[in-house]
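In terms of the UniProt record's numbering, the sequence shown is residues 1 to 216. For every residue, glycine included, the Cβ atom is placed at its ideal position computed from N, Cα and C.
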Amino acid sequence: DIHFSVMENNRSSLPRQIGRVPAALDADFHGDNTKICYTTDSVLFFFLEQTLPVLYTNQSFDREQKEEIQFKVIAYDCQLTCRDPKNPVNATITVVLTIKDGQASPGSHLANVYATDPDEEKEGLHYAISGAVRTPKQSYALSDSPISMNAKTGELTANDALHEASYSFTVTVTDGVGHVDSANVIISVVAYSQQFELLFDAPYDFIKRNQRNIVR
């Protein structure tokens with residue numbers, strides 16, 4: 001078997017390269033590898049050039065639906081000149097494609113919280129998460145929180161993969177003399193199946209000027 005892996009919900013340009021499969025040897029022992037063609041038994045995967053063993057897809061995969069995909073790659077004589085009945089014309093190999101978790105992973109940037117102070121703060125402002133981090137199913141103490149906050153920059157990052165539908169908590173900012181202000185934060189985790197794409201038959205400048213009037 002050959003093993004490849006891709007990140008789920010990949011939105012890079014098409015087609016997307018999966019990887020290179022081992023080149024097959026011509027049963028007639030010809031040195032010209034262009035005599036060998038490649039195909040797959042799956043409509044999800046293909047070879048841009050039949051004689052180059054580089055695998056592609058036009059799909060984006062959701063790990064929640066399937067964590068692993070198996071299919072076969074078939075190598076065959078392009079000219080079909082191999083007629084030895086003791087040796088099959090085609091050779092097959094199984095490809096195992098693992099879909100990696102694309103949700104926020106440890107260290108992933110989530111958002112930035114900014115505060116301004118009219119007074120000059122030599123030590124800067126101090127940011128913090130106050131109290132528990134709450135989800136629809138449970139609450140996390142700060143010591144176990146899947147989300148952390150940089151005290152100096154206000155950056156929110158993920159300490160772990162975020163599998164809950166939403167996370168809500170309170171952030172505080174403190175100046176050098178102890179004045180405190182706070183704000184509530186809600187982070188929603190949107191699954192790939194819940195995302196949508198808007199296509200407009202209009203110039204980009206027009207869309208940019210009117211984006212506030214666009215409703216779902």
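Residues that residue i bridges to, as DSSP identifies them
| i | result |
| --- | --- |
| A151 | BP columns for A151 are empty, so no partner. |
| C78 | In DSSP, C78 forms no bridge with anything. |
| Q70 | V96 |
| A183 | V171 |
Secondary structure of residue i, DSSP reduced to three states
| i | result |
| --- | --- |
| L125 | coil |
| D41 | coil |
| S5 | strand |
| L25 | coil |
| R11 | coil |
| R209 | helix |
| S143 | helix |
Alpha-carbon to alpha-carbon, residue j and residue i
| i | j | result |
| --- | --- | --- |
| T157 | N150 | 8 Å |
| R11 | I69 | 19 Å |
| S133 | T94 | Just to set this straight, residue 133 is Val in the shown sequence, not Ser. One C-alpha to the other measures close to 45 Å. |
| C78 | F61 | 31 Å |
| S145 | A183 | 18 Å |
| E67 | M7 | 11 Å |
| T39 | N112 | 47 Å |
Same chain, Cβ closer than 8 Å to residue i, five either side skipped, listed in chain order
| i | result |
| --- | --- |
| S5 | L97, T98, I99, K100 |
| S130 | F169, T170, V171, T172, S182 |
Same chain, Cβ closer than 7 Å to residue i, neighbours up to 5 away in sequence not counted
| i | result |
| --- | --- |
| G19 | F4, L55 |
| R209 | none |
Buried or exposed by the 16-neighbour rule on C-beta atoms within 10 Å, applied to residue i
| i | result |
| --- | --- |
| A75 | buried |
| P53 | buried |
| N9 | buried |
| A24 | buried |
Same chain, Cβ closer than 6 Å to residue i, neighbours up to 5 away in sequence not counted
| i | result |
| --- | --- |
| residue 217 | The shown model of the chain, from 1 to 216, leaves out residue 217, and the question about it has no answer. |
| T135 | E164, Y167 |
| G31 | With a pLDDT of 49 at G31, under the threshold of 50, the modelled position of this residue cannot be trusted, and the question is left open. |
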